[in-house]
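Chemist: Residue numbers (my numbering), protein chains in the order written: chain P, 59 to 145; chain C, 28 to 208. This is the structure, below, for whatever I ask next.
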């Protein structure tokens, strides 16, 4: 498996560290209801199909990436910088 | 003014590839993002266009490399740095940027020969078979940061000056005759 980092180009999977679903980008505010925190921490979809995940380019540019991947076909359809998607 | 001295005084080694410490070489770090006159500033300083992502633009003894989304490395003869800095300051005078002479903070090596890439393959986590023409690669050499690019039938490698002796030792060890890959 290879990921095409927007900064470093096509690199081997072993250069990256997997973190989890891209839902982690949407952290509730401290005063939000416990339900929101419960959802943020524990509730995940488990689709057979397109998922968005966070990866960290540990042995490259040290950027966080959002990788769009299809769990059925293993196709990687997009890699974007978290730093630029947040704007 | 004192004469510039390179880190290892031009040390060299002939193994299955030749290793030379070259320099002193003029280097300017230019940091700027989203500025309108970036192309003019780089043109004025080293005469090249703005390099694309991961690329280095080379024009004779001058070059401009892409280091990160907001950082460029300008390479030029040591004596031309002051003029280049003045040219950058003039071109970007109304815009937010930073340009610093880092010539004396770096050590520069050339690795040449038919099997020059074998010397570096042993030291760097880089897939040399996928290296693209004109690519500037920021990586590490064993334990220290390094950057290199391919030009004129060899590799030019840049490291921090404080680790020049370590890098020279690595390259020599890696280039020992009989240790080709």
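Where is the CB? At the ideal position from N, CA and C, for every residue including glycine. This structure is a prediction, so every number in the text was calculated from the model and none was measured.
At a Cβ cut of 9 Å, what residues of the region 61 to 77 of chain P count as close to chain C, listed as they run along the chain?
Modeler: Per Cβ criterion, the list reads 64, 65, 66, 67, 68, 69, 70, 73.
Chemist: So does residue 90 of chain C have its beta carbon nearer than 6 Å to some heavy atom of the ligand HEM?
Modeler: No copy of the ligand HEM occurs in the structure displayed, which carries no ligand at all.
Chemist: For residue 79 of chain P, tell me which candidate among P:87, P:88, P:123, P:62 has the shortest Cα-Cα distance.
Modeler: Answer by Cα proximity: P:123.
Chemist: Does residue 109 of chain P come out as helix, strand or coil in the three-state DSSP assignment?
Modeler: Of the three classes helix, strand and coil, the one that applies to residue 109 of chain P here is strand, per DSSP.
Chemist: Say whether the region 112 to 130 of chain P touches the region 63 to 72 of chain P, bearing in mind that this needs 3 or more beta-carbon pairs closer than 8 Å, one atom from each stretch.
Modeler: Counting Cβ pairs under 8 Å, three or more are found: they touch.
Chemist: Hey, residue 99 of chain C and residue 57 of chain C are a contact pair by Cβ (cut 8 Å); roughly how many whole angstroms apart?
Modeler: Between residue 57 of chain C and residue 99 of chain C the Cβ distance is about 5 Å, and since that is below 8 Å, they are a contact.
Chemist: Residues of chain P with CB closer than 8 Å to the CB of residue 96 of chain C, please, in chain order.
Modeler: Neighbours of residue 96 of chain C on chain P, chain order: 65.
Chemist: Could you list which residues in chain C have their beta carbon closer than 9 Å to that of residue 123 of chain P, in chain order?
Modeler: Chain C residues near residue 123 of chain P: none, gap ~14 Å exceeds 9 Å.
Chemist: Would you call the region 89 to 109 of chain C in contact with the region 44 to 57 of chain C, where contact means no fewer than 3 C-beta pairs closer than 8 Å?
Modeler: Cβ pair count under 8 Å is three or more, so yes.
Chemist: I need the boundaries of the beta strand (DSSP E) containing residue 89 of chain C, first residue and last residue.
Modeler: That run of the beta strand (DSSP E) goes 89 to 95.
Chemist: Using the beta-carbon of each residue, which ones in chain P are nearer than 8 Å to residue 58 of chain C?
Modeler: Simply none; closest approach about 16 Å.
Chemist: Whose C-alpha, out of C:118, C:83, C:127, is nearest the C-alpha of residue 63 of chain C?
Modeler: Looking at the Cα atoms, C:118 is the closest of the given residues.
Chemist: Check residue 199 of chain C in the structure and name its three-state DSSP category.
Modeler: It is helical.
Chemist: Which residues bound the alpha helix (DSSP H) around residue 39 of chain C?
Modeler: Looking at the DSSP string, residue 39 of chain C is not in any alpha helix (DSSP H); the run it does join, the beta strand (DSSP E), is 39 to 41.
Chemist: With DSSP collapsed to three states, give me the class of residue 106 of chain C.
Modeler: Helix at residue 106 of chain C.
Chemist: Mind reading off the beta-carbon distance from residue 48 of chain C to residue 111 of chain C? Whole number of angstroms is fine, and I expect it under 8 Å.
Modeler: The Cβ separation is near 23 Å, so there is no contact.
Chemist: Can you pull out the residues from the region 68 to 85 of chain C whose beta carbon lies closer than 8 Å to at least one beta carbon of chain P?
Modeler: Of all residues in the region 68 to 85 of chain C, 80, 81 have a Cβ within less than 8 Å of some Cβ in chain P.
Chemist: In the DSSP assignment, what residue or residues form a beta bridge with residue 68 of chain P?
Modeler: Bridge partners of residue 68 of chain P: P:62.
Chemist: Note down, in chain order, every chain P residue with its Cβ under 7 Å from the Cβ of residue 152 of chain C.
Modeler: Simply 117.
Chemist: Near residue 126 of chain P, what residues of its chain come up, given a Cβ to Cβ distance below 6 Å and the 5 sequence neighbours on each side ignored?
Modeler: Contacts found: 110, 135, 136.
Chemist: Assuming residue 96 of chain P is part of the beta strand (DSSP E), what are its boundary residues?
Modeler: Unbroken run through residue 96 of chain P is the alpha helix (DSSP H), 92 to 100; no beta strand (DSSP E).
Chemist: Leaving out five residues on either side along the sequence, give the residues of the same chain with a beta carbon under 7 Å from the beta carbon of residue 70 of chain P.
Modeler: Around residue 70 of chain P: 60.
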